[in-house]
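K.L.:
As they're listed, the protein sequences go chains A and B. Just so it is clear: in the first sequence, position 259 is 261 by my numbering, and no numbers are missing. Just so it is clear: in the second sequence, position 58 is 60 by my numbering, and no numbers are missing.
There are 2 protein chains.
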Amino acid sequence: MIIIGEKINTSRKTVADAVRNRNKQFILDLAKAQESAGANYIDVNVGTFISTEPEDMAWVAALVSGAVKIPLSVDSPNPKAVEAALGILKGHALINSISLEKERFSGIIPLVREFRCSVIGLLIEDGNLPVEADGKMKIADALIGKLGKEGIKPDSIFIDPMVQPLSTSMNGLTETFAFTQRFKSAFPDVHLICGLSNVSFGLPNRKLINRAFLASMMALGMDSAICDPLDKELMGLIAAQDALSGKDQFCMNFISLSRSGKI
Amino acid sequence: MIIIGEKINTSRKTVADAVRNRNKQFILDLAKAQESAGANYIDVNVGTFISTEPEDMAWVAALVSGAVKIPLSVDSPNPKAVEAALGILKGHALINSISLEKERFSGIIPLVREFRCSVIGLLIEDGNLPVEADGKMKIADALIGKLGKEGIKPDSIFIDPMVQPLSTSMNGLTETFAFTQRFKSAFPDVHLICGLSNVSFGLPNRKLINRAFLASMMALGMDSAICDPLDKELMGLIAAQDALSGKDQFCMNFISLSRSGKI
Numbered sequence: 003m004i005i006i007g008e009k010i011n012t013s014r015k016t017v018a019d020a021v022r023n024r025n026k027q028f029i030l031d032l033a034k035a036q037e038s039a040g041a042n043y044i045d046v047n048v049g050t051f052i053s054t055e056p057e058d059m060a061w062v063a064a065l066v067s068g069a070v071k072i073p074l075s076v077d078s079p080n081p082k083a084v085e086a087a088l089g090i091l092k093g094h095a096l097i098n099s100i101s102l103e104k105e106r107f108s109g110i111i112p113l114v115r116e117f118r119c120s121v122i123g124l125l126i127e128d129g130n131l132p133v134e135a136d137g138k139m140k141i142a143d144a145l146i147g148k149l150g151k152e153g154i155k156p157d158s159i160f161i162d163p164m165v166q167p168l169s170t171s172m173n174g175l176t177e178t179f180a181f182t183q184r185f186k187s188a189f190p191d192v193h194l195i196c197g198l199s200n201v202s203f204g205l206p207n208r209k210l211i212n213r214a215f216l217a218s219m220m221a222l223g224m225d226s227a228i229c230d231p232l233d234k235e236l237m238g239l240i241a242a243q244d245a246l247s248g249k250d251q252f253c254m255n256f257i258s259l260s261r262s263g264k265i
Numbered sequence: 003m004i005i006i007g008e009k010i011n012t013s014r015k016t017v018a019d020a021v022r023n024r025n026k027q028f029i030l031d032l033a034k035a036q037e038s039a040g041a042n043y044i045d046v047n048v049g050t051f052i053s054t055e056p057e058d059m060a061w062v063a064a065l066v067s068g069a070v071k072i073p074l075s076v077d078s079p080n081p082k083a084v085e086a087a088l089g090i091l092k093g094h095a096l097i098n099s100i101s102l103e104k105e106r107f108s109g110i111i112p113l114v115r116e117f118r119c120s121v122i123g124l125l126i127e128d129g130n131l132p133v134e135a136d137g138k139m140k141i142a143d144a145l146i147g148k149l150g151k152e153g154i155k156p157d158s159i160f161i162d163p164m165v166q167p168l169s170t171s172m173n174g175l176t177e178t179f180a181f182t183q184r185f186k187s188a189f190p191d192v193h194l195i196c197g198l199s200n201v202s203f204g205l206p207n208r209k210l211i212n213r214a215f216l217a218s219m220m221a222l223g224m225d226s227a228i229c230d231p232l233d234k235e236l237m238g239l240i241a242a243q244d245a246l247s248g249k250d251q252f253c254m255n256f257i258s259l260s261r262s263g264k265i
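(1) Measuring only between beta-carbons, confirm whether GLN166(A) sits less than 7 Å from chain B.
(2) With a 10 Å radius around its C-beta and 16 neighbouring C-beta atoms as the bar for buried, classify PRO163(B) as buried or exposed.
(3) Let me confirm a value: PHE252(A) is counted as buried when at least 16 other C-beta atoms fall within 10 Å, else exposed. Which label applies?
(4) Nearest-angstrom Cα distance between GLU57(A) and GLY93(A)?
(5) Quick one: what does DSSP say VAL278(A) is sitting in, helix, strand or coil?
(6) According to the neighbour-count rule (16 or more other Cβ atoms, all chains shown, within 10 Å of its Cβ), is MET254(B) buried or exposed?
(7) So what does DSSP say about ASP162(A), is it helix, strand or coil?
(8) Determine the chain A residues that contact THR176(B) at a beta-carbon separation under 9 Å, and present them in chain order.
(9) Which one of SER218(B), ASN80(B), ALA87(B), LYS82(B) has the shortest CA to CA distance from LEU74(B)?
(10) Against chain A, with Cβ distances strictly below 7 Å, would PRO81(B) count as a contact?
(11) When the Cα of THR176(A) is compared with those of VAL66(B), LEU198(B), MET220(B), which residue comes out closest?
(12) Quick test of your reading: PHE179(B) and LYS138(B), contact by CB under 8 Å. State the CB separation rounded to the nearest angstrom.
(13) In the DSSP assignment, what are the bridge partners of ASN130(B)?
(14) For GLU8(B), which three-state DSSP category applies?
(15) Would you say LEU239(A) faces chain B, with C-beta separation under 7 Å as the test?
(16) Residues in its own chain within less than 7 Å of ASP225(A) by CB, not counting five upstream and five downstream?
(17) Can you pull the chain A residues whose beta carbon is under 8 Å from the beta carbon of PRO190(B), in chain order?
(18) For PHE215(A), go through chain B and note every residue whose CB falls closer than 8 Å to its CB, in chain order.
(19) With 16 as the cutoff for other CB atoms within 10 Å, does PHE203(A) come out buried or exposed?
(20) Under the DSSP definition of a beta bridge, which residues are partnered with ALA142(B)?
(21) In chain B, what lies closer than 8 Å to ILE265(A) by C-beta?
(22) To the nearest angstrom, how far is the alpha carbon of ASN23(A) from that of ILE44(A)?
Listed below in structure tokens is the structure:
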């Protein structure tokens, strides 16, 4: 399972304050804690600082990349902010994200081309965010095709189906589940990624919904998540699921994480 | 999700003591607590009392059925113990269990025929407990066929694939997962049931494994489990999963259980 640590995001007030005040220690601690908890990428999002996003992104990217061994996930729809970070990271990063929306695609694709890095592709196009599996498959097919033409290999692509909140869904997330199975059968080498926290928006007991969603999606083929690696129960479920699905032979990693008290 | 409460089992010392000493209150409390926590059946197993199993089973069955509104799951391979309970319950019960093992089949099938009750079918035959999906499908097919000839309707049959412990499985439980998908596609009206606790045998952090297994199996089509309804986190995951899979419209049940503090 590939885990993108979501904590460095200025939509959280403490992070916004730290970025505004150039509080290095706070950001460094948050990055190192996530790495140590098992994250594979550190997501950085300073999108709430609209007018200064490129320079804020550059500051965070330089700071975090100097302190952790894992790559960053550069989280912005703004090509200038993404470019500022990628220049510092020399392309050793995941771009979060591209989509079929014309402006976003044309803004981000030159950077994917130049830096040859991995990229998250959102299943949305102008005026169309499909809920049903058929519609999601069509956009996935088109987006993977376009990225392939740019020379991006399947295993450098992470497809995000943009899961809607359960609270607004009439039939649960059955279409997302159906899409996941069809997608992994059609594109076995392309990663499937989800953000977890949006799923439970508007409901009580949100962590329960997030955990059940995570385990279900992993069983159906999701192999990456944008989530909170400091949630010990969640990380425990991920390790358990990796063992159940045969990705952790003899449960070595699960047993070792249990013994060290990390899960 | 159909939940079989597993707590009244004399393999647990406190339950064995209560049955031996005819401690009515202890057994009643355990039955009522499980009903109140959301169980759909109360499993009763006195199998450790080999020489007195039929009379002990009859005592527990009469006691529990007089105190709860939900039916019992009569858990024994011994036809005499099953018959003793079914006589008292007038067939309003689930027989746990039958299999293709000759002696077990011929001992239990007359009771299924006489009492026309639901039955759990284990995927095992004499000398063969298949681990692979192919082998499990063959036995499921034969067992469902035989039960069908006895007039048992598909939705009165619960198939238990007899999941082996993860700790002894080279490739995780991938064959169980593959079987589950094939089974639900071949027999959409037959229930699929699992015991949870055996899965994590021999591993640390057993509850994490059980929870991840439960959520995965529900996502793949399992609709019943023999488990501990007093495990609040587990019951919360089940409610979350039912909401995610569209079985709990507008999350009404999930929200109500959350508000009442039951999950």
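For each residue, glycine too, the CB sits at the ideal point set by N, CA and C.
P.N.:
Reading off the structure:
(1) In the first sequence, the residue the question calls residue 166(A) occupies position 164. False, the Cβ-Cβ gap to chain B never drops below 7 Å.
(2) Start at 1 with the first residue of the second sequence, and residue 163(B) comes out as number 161. By the neighbour-count rule (16 or more Cβ atoms within 10 Å), PRO163(B) is buried.
(3) The residue given as residue 252(A) occupies position 250 in the first sequence. Exposed: under 16 other Cβ atoms inside 10 Å.
(4) Numbered from its first residue, the first sequence carries residue 57(A) at position 55. Numbered from its first residue, the first sequence carries residue 93(A) at position 91. For GLU57(A) and GLY93(A), the distance between alpha carbons rounds to 17 Å.
(5) Not covered by the structure: residue 278(A). The range shown for chain A is 3 to 265.
(6) As a position in the second sequence, residue 254(B) is number 252, starting the count at 1. Answer is exposed; the Cβ neighbour count stays below 16.
(7) As a working note, residue 162(A) is residue 160 in the first sequence. Residue state, collapsed to three classes: strand.
(8) On the second sequence, position 174 is the one that residue 176(B) refers to. Residues of chain A passing the Cβ test: LEU246, SER247, GLY248.
(9) Reading the second sequence from its first residue, position 72 is the one you call residue 74(B). Nearest C-alpha to LEU74(B): ALA87(B).
(10) Taking the second sequence and counting its residues from 1, the one referred to as residue 81(B) is at position 79. Output row for PRO81(B): interface = no.
(11) Locating residue 176(A) in the first sequence gives position 174, counting from the first residue. It is MET220(B) whose Cα lies nearest to the Cα of THR176(A).
(12) Position 177 of the second sequence, counted from the start, is the residue given in the question as residue 179(B). Position 136 of the second sequence, counted from the start, is the residue given in the question as residue 138(B). With a Cβ gap of about 11 Å, PHE179(B) and LYS138(B) do not count as contacting.
(13) The residue given as residue 130(B) occupies position 128 in the second sequence. Answer by DSSP bridge pairing, in chain order: GLU127(B).
(14) For the purposes of this step, residue 8(B) is taken as the residue at position 6 of the second sequence. It is a strand residue.
(15) Within the first sequence, numbered from 1, the residue matching residue 239(A) stands at position 237. Cβ-Cβ to chain B under 7 Å: yes for LEU239(A).
(16) Taking the first sequence and counting its residues from 1, the one referred to as residue 225(A) is at position 223. For ASP225(A), where only same-chain residues beyond five positions count, the Cβ hits under 7 Å are MET3, ILE4, HIS193, LEU194.
(17) The sequence position of residue 190(B) within the second sequence is 188, counting from 1. Within chain A, no residue comes near PRO190(B); the closest Cβ sits about 15 Å away, beyond 8 Å.
(18) As a working note, residue 215(A) is residue 213 in the first sequence. Residues of chain B passing the Cβ test: ALA242, LEU246.
(19) In the first sequence, the residue the question calls residue 203(A) occupies position 201. Exposed, since its Cβ has fewer than 16 Cβ neighbours within 10 Å.
(20) Position 140 of the second sequence holds residue 142(B). DSSP, once it has assigned bridges, lists no residue as partnering ALA142(B).
(21) Within the first sequence, the letter at position 263 stands for residue 265(A). Chain B residues near ILE265(A): ASN207, LEU210.
(22) Here residue 23(A) refers to the residue found at position 21 of the first sequence. Here residue 44(A) refers to the residue found at position 42 of the first sequence. So the alpha carbons of these two residues sit roughly 21 Å apart.
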